[in-house]
Every structure is written in C-alpha cells, then in structure tokens.
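Notes to accompany the following structure.
In my numbering, the protein residues as written are 366 to 698.
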C-alpha cells in the first residue's frame, strides 16, 4: 500500500492531496484572489502566497486523510511547466520534506497530470484515447497509449484558448479570470449573434491570436457607433465568443479522432470545466459514436489530486526524481 502526497504550485493555486493505493483521498486547494485586482496572475504575488499557503494546505491534506508524515512513501510535486517562482516553492518544499523523511520525490509534468486526472474516478478511459487538454497556458491534442506513452498530435502555436477567453473577457470589461464569467453570461445569449475571424492552421495545430485581434477590432468599430454597444449586447457577445472558440477546439478534435481512428475521447484542463464545451462534446459523441470522458470539475482546474494520482502511477514504475533537479517553467512534453 503506497501513500503518496501530491503538491501543486504551478501558477496561482497552492494545493495538496493524499493518494492511498491509487485512491485519491482528498484535494485541498488554497486559491489566490489577489490577482483579480490586476486582470491576470502576477508571478511575484503568486509565489509570495505559495510561501504563506503551502505549510497549512499540506497539514490540512494530511490531517484530513488521518496520515502522519512518517506514513508517507513518496512525495510528488509539479516540476513544470508553470511560473518559475511558484514552481520553486512547491519543489523546494517537496524536496526538503522528502529528504527529512528519507523517501523518494516524484517530479510530475503538469499537463500530463491533467490527462491522468481521468484515472481518479470511474469511468476510466481505456487505451488508446485522444485527449484535448485546454488550460490558461496550453491547448493540446494528445494521443495517450499508456500512462507513460504520449504523442502530441497538435497544439497551439501562440496563445492558449484559456488566454483567449481571459483576453476577450477583459475587452468586455469583465473580471479575471474571465472564462467562467463568459460561460455564465453566454447561457443567456445568442451564440450566433456575432461572427469573428479565426485562423485555420495546418494539420491539428491551433492559433488563437487571430480571433483575439478580431474581437478587439470588432468591439472598437462597434463602440464608435454606440458607446453602450458592449453593455447592450453583453450576453450575445459572450455567447458568440464562446461559440467561436469552442468551434475551433471541436473542429480539430474531430479531425484528430477521425485520423487516428480512435473513438475514446477525453477533455482535461481548466477550460474543460466550461459548460458549453462539455455539452458540445456530448453532441459530438452522439454524432461520431464516441465514448467520452470528462473529469469531475474539481480535477479540471489546477489541483493536487491529479498530481498525487500521477505520483502513484510513477511510484509504481519507480520513476523517482533527484534533489538536484530544477523546476522547468517550459518543461517539454
């Protein structure tokens, strides 16, 4: 029976989780609200809050699971990708704690952990499956042949879809993080009220810089005619922006599943919590005879449950790290 503590600190969430024999017992998260004042994550402020939160959140996870530190068999932590200052806090704490307990440390790839979040709860996808991972910093289509074997089929060549949501929300005068706000407003709007230009990349790659520019120019043009244009059309704008971004995601996902002849399809990452994306995936599943897999919402955004699960899988494979390994903000896939 392996007991693994997972620590996540890649961006602005300080999180800890305990996994016992492959079962995630808890998922404790300390969120940072200060960034809403700046319209985005401020790296220095994020790392300072990680310093304040990491000890209490680890204690909370261990106490909730009724686990003593001496019971731990390994500590998993997010090595990258992410913000360097944030990663340093989590990795340094994990290494120090593991060294004091004379147990292994397990470095975890943040985006692979999002994919492995599908193995926390039932139903778990069989191999191989296609996974669309969508977050604030990444947009990727991955073929997963095993917990250790991934093939990148396509990815964004510039901005991520999460960034596009947040930028669009900022242009609409909405608070940060903007994706959830757009999702809520879109429920009351007409998704076909407005059209925005998109960039079609070759193969299965994405580009979201073009649609962000299109939204910017469209709003500037319309506000010259009517200063209250955004206020008068807020719900329709949110719905149209959301529909355009999800169209881009889904078009490539269909191509990926079709080209690979795989009908097991999953989504992961923070944007996979989007209600419209989940609805569209279910519609496409019926049209294409897919079996789809969507994590519980608490395992979509950055969390330690996916890190402790990844740690469990890597522990069984004896994929341990070293104390002299540095965090990798741009950790390759």
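Idealized CB from N, CA, C, for every residue including glycine.
It should be emphasised that the depicted structure is a prediction, and the values quoted were computed from it without experimental measurement.
For residue i, which of helix, strand or coil comes out of DSSP?
i           : result
residue 374 : coil
residue 382 : strand
residue 680 : helix
residue 479 : helix
residue 489 : coil
residue 607 : helix
residue 469 : coil
residue 443 : strand
residue 393 : strand
residue 562 : coil
residue 541 : coil
residue 494 : strand
residue 508 : strand
residue 527 : helix
residue 580 : helix
residue 654 : coil
residue 519 : strand
residue 407 : coil
residue 625 : helix
residue 568 : coil
residue 368 : strand
residue 503 : coil
residue 632 : strand
Could you check if residue i is buried or exposed, using at least 16 other CB atoms within 10 Å of its CB as the buried criterion?
i           : result
residue 671 : buried
residue 357 : In the structure displayed, the chain extends from 366 to 698; residue 357 sits before or after that span and is not available.
residue 423 : buried
residue 378 : buried
residue 662 : exposed
residue 654 : exposed
residue 462 : buried
residue 414 : buried
residue 660 : buried
residue 531 : buried
residue 607 : buried
residue 492 : exposed
residue 667 : buried
residue 428 : exposed
residue 386 : exposed
Between residue i and the rest of its own chain, which residues show a CB-CB distance below 6 Å, the 5 nearest in sequence each way excluded?
i           : result
residue 371 : 382, 441, 669, 672, 673, 676
residue 621 : 495, 506, 518, 569
residue 534 : 543, 546, 547
residue 393 : 381, 422, 425, 426
residue 695 : 446
residue 367 : 438, 680
Could you check how far apart the C-beta atoms of residue i and residue j are, in whole angstroms? I think they sit under 8 Å.
i           : j           : result
residue 527 : residue 571 : The pair is not a contact, with the Cβ atoms about 12 Å apart (cut-off 8 Å).
residue 699 : residue 609 : Because the chain here runs from 366 to 698, residue 699 falls outside it and cannot be looked at.
residue 396 : residue 452 : About 18 Å separates the two Cβ atoms, so there is no contact after all.
residue 482 : residue 664 : 4 Å
residue 584 : residue 611 : In fact, because the Cβ distance is near 20 Å, the residues do not count as touching under 8 Å.
Which same chain residues, not among the five before or five after residue i, have their C-beta less than 8 Å away from its C-beta?
i           : result
residue 521 : 503, 504, 505, 570, 571, 572, 573
residue 605 : 554, 555, 556, 557, 558, 559, 560, 561
residue 619 : 649, 653
residue 525 : 499, 500, 501, 502, 503, 504, 573
residue 588 : 594, 595
residue 436 : 368
residue 473 : 371, 441, 442, 443, 444, 672, 675, 676, 679
Looking only at its chain, what residues have a beta carbon closer than 7 Å to the beta carbon of residue i, apart from the 5 residues adjacent to it on each side?
i           : result
residue 458 : 372, 419
residue 460 : 470, 688
residue 498 : 476, 479, 480, 505, 507, 633, 634
Say whether the region 645 to 664 touches the region 622 to 635, bearing in mind that this needs 3 or more beta-carbon pairs closer than 8 Å, one atom from each stretch. Contact holds: three or more Cβ-Cβ distances are below 8 Å.
Is it a yes or a no for the region 404 to 414 touching the region 680 to 692, going by three-plus beta-carbon pairs under 8 Å? Contact fails between the region 404 to 414 and the region 680 to 692, because fewer than three Cβ pairs, one in each stretch, are under 8 Å apart.
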